[in-house]
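A short worksheet on the structure shown next.
Chains as they are written, first to last, in the numbering used here: chain H, 51 to 524; chain R, 51 to 524.
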């Protein structure tokens with residue numbers, strides 16, 4: 051019975067995670083769908099046309115990610131989601147899916163008061179609805195997590211939660227008020243959203259102090275279980291990340307379905323009803339697709355291996371993860387550029403497209419490595435035994451995490467120094483990387499077996515079991 | 051330790067579910083993005099231009115859903131996913147995301163041999179990779195679910211699994227072979243994919259019999275736990291459904307972001323830098339968005355309430371669920387048509403758009419009702435106590451499930467008989483429906499409280515607890 055309802059609240063959270071991650075990621079499409087003429091200098095296009103859009107994309111990705119972490123923080127207090135909470139959560143989702151529109155509007159017309167106000171109103175309404183959820187849950191304590199229901203100072207917990215969900219709304223109120231005066235001040239407030247978790251913590255301390263203890267704010271809610279430092283729990287980070295990986299993989303095929311299937315008339319007049327010729331015309335697109343998918347898939351695989359060995363995640367690690375995900379969301383752009391410049395010599399555009407792909411791959415994978423390095427500073431709390439320094443899978447995980455940073459640096463350097471590198475060979479390299487991981491796995495199994503034989507020369511353990519132990523830890 | 055690895059395999063499955071559901075749903079986009087001139091007769095456009103595309107969409111939705119259920123069936127035998135299984139699963143995902151392309155190609159050029167062969171090759175490769183997973187898992191039995199590892203006849207289980215994952219490949223081999231001769235026979239084989247779960251069962255019985263017991267096929271693998279009749283378990287159906295709901299909700303805003311943000315030049319010359327006027331021009335789109343989101347969100351909410359009370363799901367129920375999801379995937383089309391014909395009088399197009407939306411809403415919601423009705427035939431196995439006939443929440447759930455069929459029929463009839471109905475009032479009605487559900491909840495709580503007072507007139511239980519019990523069951 052009780053389990054039933056954890057399930058119930060769990061499904062609502064998983065659904066919310068999926069929506070948050072998709073909303074964050076589809077913001078790349080206005081960037082990826084920018085019309086780029088084939089005969090222009092890609093380097094200039096990137097700096098003058100794409101870079102502003104990319105920055106807006108990364109900003110919006112972080113704004114959504116921050117809203118998501120507030121949402122996770124709020125819903126981890128709920129054990130049973132009743133109908134009112136579920137309906138309010140749907141309202142929250144409606145506002146979240148509308149965010150990309152207001153954000154794109156603000157990105158397109160940054161100097162218009164209306165654009166700033168519309169975005170701010172979205173965030174304010176979001177905060178107010180979340181506050182309603184807090185109030186509803188605290189009026190019905192039986193829907194709450196037991197640890198909070200039994201906590202000594204429930205009012206303090208409620209106040210902390212209210213402040214946490216309302217801090218963005220407060221910042222946006224200021225942004226909206228100042229918009230008619232000067233948009234610069236508005237943007238200062240809007241950028242502060244990125245630091246809202248920290249602002250909430252500092253504000254709560256300040257209010258507790260200034261009110262002489264009358265308005266107590268308790269952070270204890272976040273200290274139970276696997277989460278600490280106002281941090282979301284690992285399972286929900288995984289769920290959110292999976293959403294990003296899944297939508298990125300499918301956004302690419304979406305483009306192919308819409309653009310690379312010839313129309314019946316084109317087939318008749320351009321290709322004389324020869325479907326092979328028509329598809330061959332776009333063959334580079336398919337190679338680009340499989341190459342890009344292999345990269346996205348393997349980055350998911352590394353993410354999966356890494357998070358499997360994390361015991362908890364700090365705020366810094368989630369920040370690295372968000373940055374990594376934002377970069378992975380950029381893969382559709384890399385796909386588009388590499389498939390666009392597959393056969394052109396203008397301005398070295400082909401090599402520039404490869405270089406941009408390398409930069410995206412490097413930033414995405416180095417951020418994953420950064421998560422592991424951060425965890426190594428607090429191995430006792432953050433890591434499972436086998437990947438701590440000296441653990442049996444430590445080097446295997448480290449090497450996995452180093453593959454993509456290394457590969458992308460090497461390709462980048464080759465593309466700088468020589469012009470043997472074509473888009474085709476780049477994609478073939480992408481497609482070949484899984485083989486690298488398979489070889490890595492074989493080596494890891496081999497070493498593991500040797501170590502076991504050295505340690506227990508008499509025992510001769512069943513070889514399958516030896517492999518199994520290794521696998522289980524990978 | 052053991053729990054760790056259920057988690058590990060669980061994450062891979064959740065990720066796969068997300069990809070499957072997104073792939074199934076984005077196939078609506080070629081339909082929704084069909085260019086429809088505003089001044090044409092929508093009824094004719096629907097019958098001659100949209101209907102063939104819609105049929106292809108529904109077919110492809112079911113093909114993906116069937117592949118997904120085979121995938122679920124395969125992976126429920128795996129307890130620990132090792133690196134090889136994970137990498138093979140990524141390969142499966144790569145093929146799955148490529149399916150929409152081959153399917154669209156086949157839909158566009160149904161008479162071309164190449165199109166049939168390409169699609170068939172996709173399914174064949176998919177089957178072969180899944181067979182590799184089966185062989186790998188059975189060579190490493192320690193990665194399997196314990197119930198299967200300890201089963202008496204593992205070879206029979208393996209044979210049944212191999213047949214199940216290869217049956218589509220076999221059908222497609224025939225389709226590909228017959229394609230150069232006549233495409234009609236090919237399509238007969240391709241349509242048989244829709245019945246492949248049944249075909250696999252019948253084939254396995256046949257093979258067992260004909261070989262005189264030498265090739266045994268065991269169905270026992272599917273009879274453990276919550277699943278029966280080769281059926282997937284409830285949690286994965288929920289996960290898959292969530293993916294569809296989430297992507298539908300976000301596909302709509304994607305269109306708005308790409309089309310309804312005016313360019314700087316348009317703003318300058320068409321609207322004289324008046325952003326309010328420019329947005330007002332598209333105001334109907336925003337109303338359509340909020341109305342559609344409310345509908346999708348509430349259909350999720352009903353789905354959530356229904357599946358919360360299901361104890362297990364039969365194959366028929368999953369078929370109804372897939373049909374319901376396919377219809378919900380059609381909501382972006384309804385959104386597009388209603389927002390396109392908001393102010394036009396040509397050929398009653400406005401009313402036709404509303405009628406099509408009603409049909410989609412009706413089919414989506416009546417299929418949900420059909421799931422419940424099916425479950426009512428085997429209440430002991432399928433339903434929790436509170437929603438069985440006579441249970442305290444039986445009528446509440448029934449009324450919830452009846453809301454959308456009723457509302458859509460009423461709107462449809464009104465649109466047939468009078469012309470007072472505009473797209474605006476339709477969307478306002480959509481937006482008003484959540485209020486209906488809130489009122490329903492209030493009534494349910496009220497009744498629940500009265501019943502408790504009648505039953506225990508002396509006890510005077512804490513009222514909050516009374517609400518709580520009700521909530522927990524909803």
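The beta-carbon is built from N, C-alpha and C at its ideal position, and this holds for glycine as well.
Being a predicted model, the structure only gives us computed values, none of them experimental.
- Message: Could you tell me which whole alpha helix (DSSP H) segments of length 4 or greater appear in the region 116-181 of chain R?
- Response: 133-158
- Message: Does the region 94-104 of chain R come into contact with the region 317-335 of chain H, if we say contact requires no fewer than three beta-carbon pairs (one atom in each stretch) closer than 8 Å?
- Response: no
- Task: Report buried or exposed for residue 482 of chain R, applying the criterion of at least 16 other Cβ atoms within 10 angstroms of its Cβ.
- Result: Here residue 482 of chain R refers to the residue found at position 432 of the second chain. Counting Cβ neighbours within 10 Å, residue 482 of chain R comes out exposed, since fewer than 16 surround it.
- Message: The alpha helix (DSSP H) that contains residue 230 of chain R, what's its start and end?
- Response: For this step, residue 230 of chain R is matched to residue 180 along the second chain. Unbroken run through residue 230 of chain R: none, as it is neither H nor E.
- Check the Cβ-Cβ distances between residue 61 of chain R and every residue of chain H, and say whether any is below 8 Å. Sequence index remark: in the second chain, residue 61 of chain R carries index 11 (1-based). It does; some Cβ of chain H falls within 8 Å.
- Task: Taking C-beta pairs closer than 8 Å, name the residues in chain C that residue 167 of chain R reaches, listed in chain order.
- Result: The structure shown contains no chain C; its protein chains are H and R.
- Query: Can you tell which of R/243, R/203, R/205 and R/473 has the C-alpha that lies nearest to the C-alpha of residue 216 of chain R?
  - Reply: Indexing the second chain from 1 puts residue 216 of chain R at position 166. Comparing Cα-Cα distances from residue 216 of chain R to each of R/243, R/203, R/205 and R/473, the minimum goes to R/243.
- Could you name the residues that DSSP lists as bridge partners for residue 360 of chain H? Position 310 of the first chain holds residue 360 of chain H. Residue 360 of chain H is bridged to H/433.
- Could you check if residue 63 of chain H is buried or exposed, using at least 16 other CB atoms within 10 Å of its CB as the buried criterion? Within the first chain, the letter at position 13 stands for residue 63 of chain H. Buried, since its Cβ has 16 or more Cβ neighbours within 10 Å.
- Neighbouring residues, chain R, relative to residue 293 of chain H (Cβ below 8 Å): Working through the first chain from its first residue, we reach residue 293 of chain H at position 243. Result: 68 and 296.
- Task: Alpha carbon to alpha carbon, how far is residue 99 of chain R from residue 90 of chain R? Give it in angstroms, no decimals.
- Result: Counting from one through the second chain, the residue named residue 90 of chain R turns up at place 40. Counting from one through the second chain, the residue named residue 99 of chain R turns up at place 49. Taking the straight line joining both Cα atoms gives about 12 Å.
- Message: For residue 150 of chain R, count the other beta carbons within 10 Å of its own beta carbon; 16 or more makes it buried, fewer makes it exposed. Which is it?
- Response: Along the second chain, one-based indexing puts residue 150 of chain R at 100. Burial call: buried.
- Compare the Cα-Cα distances from residue 249 of chain R to each of R/346, R/213 and R/259 and report the closest residue. Residue 249 of chain R sits at position 199 when you count from the first residue of the second chain. Ranking R/346, R/213 and R/259 by Cα distance to residue 249 of chain R puts R/213 first.
- Message: So if DSSP puts residue 194 of chain R in a beta bridge, which residue, or which two residues, is it bridged to?
- Response: Within the second chain, the letter at position 144 stands for residue 194 of chain R. R/128.
- Task: Determine the chain R residues that contact residue 64 of chain H at a beta-carbon separation under 9 Å, and present them in chain order.
- Result: On the first chain, position 14 is the one that residue 64 of chain H refers to. Here the neighbours are 64, 288, 289 and 292.
- Task: Measure the Cβ-Cβ separation of residue 458 of chain R and residue 408 of chain R and say whether it is below 8 Å.
- Result: Translated into positions along the second chain, residue 458 of chain R becomes position 408. Translated into positions along the second chain, residue 408 of chain R becomes position 358. Yes; because the gap between Cβ atoms is below 8 Å, this pair is in contact.
- Query: What three-state label does DSSP hand residue 441 of chain R in the structure shown?
  - Reply: Residue numbering aside, residue 441 of chain R sits at position 391 when the second chain is read from its first letter. Coil, per DSSP.
- Task: Could you tell me the boundaries of the alpha helix (DSSP H) in which residue 503 of chain H lies?
- Result: For the purposes of this step, residue 503 of chain H is taken as residue 453 along the first chain, with counting starting at 1. Taken as a continuous stretch (DSSP letters only), the alpha helix (DSSP H) holding residue 503 of chain H covers 473-505.
- Task: Find out if the Cβ-Cβ distance for the pair residue 377 of chain R, residue 325 of chain R is shorter than 8 Å.
- Result: Taking the first residue of the second chain as position 1, residue 377 of chain R is located at position 327. Taking the first residue of the second chain as position 1, residue 325 of chain R is located at position 275. No, the pair does not count as a contact, with Cβ atoms beyond the cut-off.
- Item | Boundaries of the alpha helix (DSSP H) in which residue 293 of chain R is found, first to last residue | Taking the first residue of the second chain as 1, we reach residue 293 of chain R at position 243. Note, residue 293 of chain R: alpha helix (DSSP H), 284-309.
- Query: How would you write the range of the alpha helix (DSSP H) that residue 85 of chain R sits in, first residue to last?
  - Reply: Translated into positions along the second chain, residue 85 of chain R becomes position 35. Premise fails: residue 85 of chain R is in no alpha helix (DSSP H) and is neither H nor E.
- Query: So, is the C-beta of residue 176 of chain R closer than 8 Å to a C-beta in chain H?
  - Reply: Taking the first residue of the second chain as 1, we reach residue 176 of chain R at position 126. So, not an interface residue.
- Query: With a cut-off of 8 Å, does the C-beta of residue 172 of chain R fall near any C-beta of chain H?
  - Reply: Counted from its first residue, the second chain places residue 172 of chain R at position 122. Judged by the 8 Å Cβ criterion, residue 172 of chain R is not in contact with chain H.
- Let me know the secondary structure DSSP gives residue 401 of chain H once reduced to three states. As a position in the first chain, residue 401 of chain H is number 351, starting the count at 1. DSSP places residue 401 of chain H in helix when its eight states are reduced to three.
- Got a sec, what are the start and stop residues for the alpha helix (DSSP H) residue 97 of chain R sits in? By 1-based counting over the second chain, the position of residue 97 of chain R is 47. No alpha helix (DSSP H) contains residue 97 of chain R, which DSSP labels as neither H nor E.
- Item | residue 148 of chain R, buried or exposed, once every other Cβ within 10 Å from all chains shown has been counted against 16 | As a working mapping, residue 148 of chain R is identified with position 98 in the second chain. Buried.
- Query: Beta-carbon of residue 445 of chain H versus every beta-carbon of chain R: anything under 8 Å?
  - Reply: If you number the first chain from 1, residue 445 of chain H lands on position 395. No, residue 445 of chain H lies away from the interface with chain R (no Cβ there is under 8 Å from its Cβ).
- Report all residues from its chain with a CB closer than 6 Å to the CB of residue 229 of chain H; omit the five preceding and five following residues, and keep chain order. Position 179 of the first chain, counted from the start, is the residue given in the question as residue 229 of chain H. Around residue 229 of chain H: 163, 166, 167 and 236.
- Taking Cβ positions, are residue 120 of chain H and residue 59 of chain H nearer each other than 8 Å? The residue given as residue 120 of chain H occupies position 70 in the first chain. The residue given as residue 59 of chain H occupies position 9 in the first chain. No, the Cβ-Cβ distance between residue 120 of chain H and residue 59 of chain H is not below 8 Å.
- Task: Indicate whether residue 70 of chain R and residue 118 of chain R have their beta-carbon atoms separated by less than 8 Å.
- Result: Position 20 of the second chain, counted from the start, is the residue given in the question as residue 70 of chain R. Position 68 of the second chain, counted from the start, is the residue given in the question as residue 118 of chain R. Cβ atoms of residue 70 of chain R and residue 118 of chain R: closer than 8 Å.
- Task: With a cut-off of 8 Å on the beta carbons, I'd call residue 388 of chain R and residue 476 of chain R a contact; round off their distance for me.
- Result: Here residue 388 of chain R refers to the residue found at position 338 of the second chain. Here residue 476 of chain R refers to the residue found at position 426 of the second chain. Right, the Cβ-Cβ distance comes to about 7 Å (below 8 Å), so this counts as a contact.
- Below 8 Å between beta carbons: does that hold for residue 432 of chain R and residue 361 of chain R? Residue mapping note: residue 432 of chain R aligns to position 382 of the second chain, counting from 1. Residue mapping note: residue 361 of chain R aligns to position 311 of the second chain, counting from 1. In contact: residue 432 of chain R and residue 361 of chain R (Cβ atoms closer than 8 Å).
- Thinking just about the alpha-carbon of each residue, which of H/158, H/400 and H/430 is nearest to the one in residue 468 of chain H? The count along the first chain starts at 1 and reaches residue 468 of chain H at position 418. Per the Cα distances, H/400.
- Would the region 378-385 of chain H and the region 345-354 of chain H be scored as touching if the rule is three or more Cβ pairs under 8 Å? yes
- Message: Using a Cβ-Cβ cutoff of less than 6 Å, which residues in the same chain neighbour residue 480 of chain R once the five nearest sequence positions on both sides are dropped?
- Response: Taking the second chain and counting its residues from 1, the one referred to as residue 480 of chain R is at position 430. For residue 480 of chain R, where only same-chain residues beyond five positions count, the Cβ hits under 6 Å are 341, 344 and 345.
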